[in-house]
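Engineer: Starting off with a structure, shown below.
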Amino acid sequence: MTPRLARGLSRTLQYGLLCLFFAFVAMPMAVIVVFSFDANRFPSIPWGGFSLVWHEAAWADPMIREAFVNSIWVGLGTAVLSTAIGFAAAYLDFRHRFFGKRLFVFAVAIPPAVPTTILGMAMLAFVSRIGLSGRLETIVACHVAVASSFAMALIRLRLGEFGRDLEPAAWNLGASPWAGLRFVVLPFCRPALIAAFFLSAAVSFDEYMIAWFVGGVHETLPVRILNQLQGQVNPKINAIGAGVLAISLALVFLARRFTNLRPEPMHGPEPRGDSA
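My numbering puts the first residue of the sequence shown at 69, with every later residue one more than the last.
Pasting the structure below:
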């Protein structure tokens, strides 16, 4: 076997294994989407035919509509606050040196690494002691504690491409620190800020364990799915799951779209030649 043929077979095998892995991961989601449009009450083969009856029934349910609105508000609040906090943390890490900087970065990055069950119980114990359990604002605050880590990571990667001398150059030209931040740093970070906004919204919209612990009677859409599963088998669950999956994928796609943007090159004024 020639080396070229061996490399070709190895690459084909790698691509094949990768496709099998993605098919294994995506199969449960594909099954939910397919059977959400099934006319049968219970998922069965052969397929009962295309129907929107379960999507209509899900939207007609007032508890599901309320949970959807709650998820929208929680997602928006989480996205705005996480993006602002993530930018502040990333800029602080990028621009300044201070005692305990590594501990600070570690504290920001650690929440996503903690199992959500433990994190949810810890947050419930904390908010119960200060009398803030069972509120939408509490869900937003707890989601921010997790989503801001992702926002900081995205924005910090963007700042890694930013020249450290550009902002001091603006200061030397008379710009105040706030003007340098507003007109130099923020425009450069705009794609990362937008990507962090969408990614934080996706993290919040998908999260259910923390919301289930601290939300009380205020349900988000994933929590409504969890509560539906505890009762009888309901075909509306597939319809809700398909909707949540579509929104989450759209948010992640938008975040990915903006992380691929690169700053346009800055051109100074072209030199003028001497007139003849």
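Every residue, glycine too, gets a C-beta built ideally from N, C-alpha and C.
Quick one: which unbroken alpha helix (DSSP H) runs of 4-plus residues sit fully inside the stretch 171 to 223? Chain order, please.
Structural biologist: The stretch 171 to 223 contains these whole alpha helix (DSSP H) runs: 184 to 197.
Engineer: Could you tell me which residues DSSP pairs with residue 106 in its beta bridges?
Structural biologist: Looking at the DSSP assignment, residue 106 forms a beta bridge with 118.
Engineer: Pair every Cβ in the stretch 284 to 295 with every Cβ in the stretch 131 to 146, then say whether three or more of these pairs are closer than 8 Å.
Structural biologist: The stretch 284 to 295 vs the stretch 131 to 146: in contact.
Engineer: Return the Cβ separation of residue 122 and residue 304 in integer angstroms, given the expectation that the two are a contact with Cβ distance under 8 Å.
Structural biologist: Right, their Cβ atoms sit about 5 Å apart.
Engineer: For the stretch 231 to 250 against the stretch 303 to 323, are there 3 or more C-beta pairs whose distance is under 8 Å?
Structural biologist: These segments do not touch.
Engineer: By Cβ distance, which residues of its chain are closer than 6 Å to residue 87, with the 5 residues on each side in sequence left out?
Structural biologist: No residues qualify anywhere along the chain.
Engineer: Would you check if the stretch 310 to 322 and the stretch 99 to 114 touch, i.e. whether three or more CB-CB distances between them fall below 8 Å?
Structural biologist: Judged by Cβ distances under 8 Å, the stretch 99 to 114 makes contact with the stretch 310 to 322, as three or more pairs qualify.
Engineer: On a CA-only basis, which of 324, 202, 292 and 315 is nearest residue 129? Give me that one, please.
Structural biologist: Ranking 324, 202, 292 and 315 by Cα distance to residue 129 puts 292 first.
Engineer: My output table needs one value for residue 336: the three-state DSSP class, helix, strand or coil.
Structural biologist: Confidence is the limiting factor: at residue 336 the pLDDT is only 41, short of 50, which leaves the residue's position unreliable and the question unanswerable from this model.
Engineer: By a C-beta neighbour count over all protein chains shown, 10 Å radius and 16 as the cutoff for buried, is residue 233 buried or exposed?
Structural biologist: Classification for residue 233: exposed.
Engineer: So residue 248 is in the alpha helix (DSSP H); what residue range does that whole segment cover?
Structural biologist: That run of the alpha helix (DSSP H) goes 245 to 248.
Engineer: Any idea what DSSP makes of residue 286, helix, strand or coil?
Structural biologist: In this structure, residue 286 counts as coil in the three-state DSSP scheme.
Engineer: Can you tell me which of the three DSSP states residue 166 falls into?
Structural biologist: Note: residue 166 maps to coil in three-state DSSP.
Engineer: In chain order, what residues of the same chain lie with their CB nearer than 7 Å to the CB of residue 265, ignoring the 5 residues before and after it?
Structural biologist: Excluding sequence neighbours, residue 265 sits near 147 and 151.
Engineer: Select from 248, 187 and 71 the residue whose C-alpha is nearest the C-alpha of residue 214.
Structural biologist: Of the listed residues, the one whose Cα sits closest to residue 214 is 187.
Engineer: Output the distance between the C-alpha atoms of residue 337 and residue 231, rounded to the nearest integer angstrom.
Structural biologist: For residue 337, the predicted structure reports a pLDDT of 43, less than 50, and the residue's modelled location is therefore unreliable. A value from the coordinates is still provided. Cα-Cα distance, rounded: 20 Å.
Engineer: Quick test of your reading: residue 222 and residue 267, contact by CB under 8 Å. State the CB separation rounded to the nearest angstrom.
Structural biologist: Right, the Cβ-Cβ distance comes to about 7 Å (below 8 Å), so this counts as a contact.
Engineer: To which residues of the same chain is residue 316 closer than 7 Å at the C-beta, ignoring the five residues directly before and after it?
Structural biologist: Around residue 316: 270, 273 and 274.
Engineer: Per DSSP, what kind of secondary structure is residue 159 in: helix, strand or coil?
Structural biologist: Helix, per DSSP.
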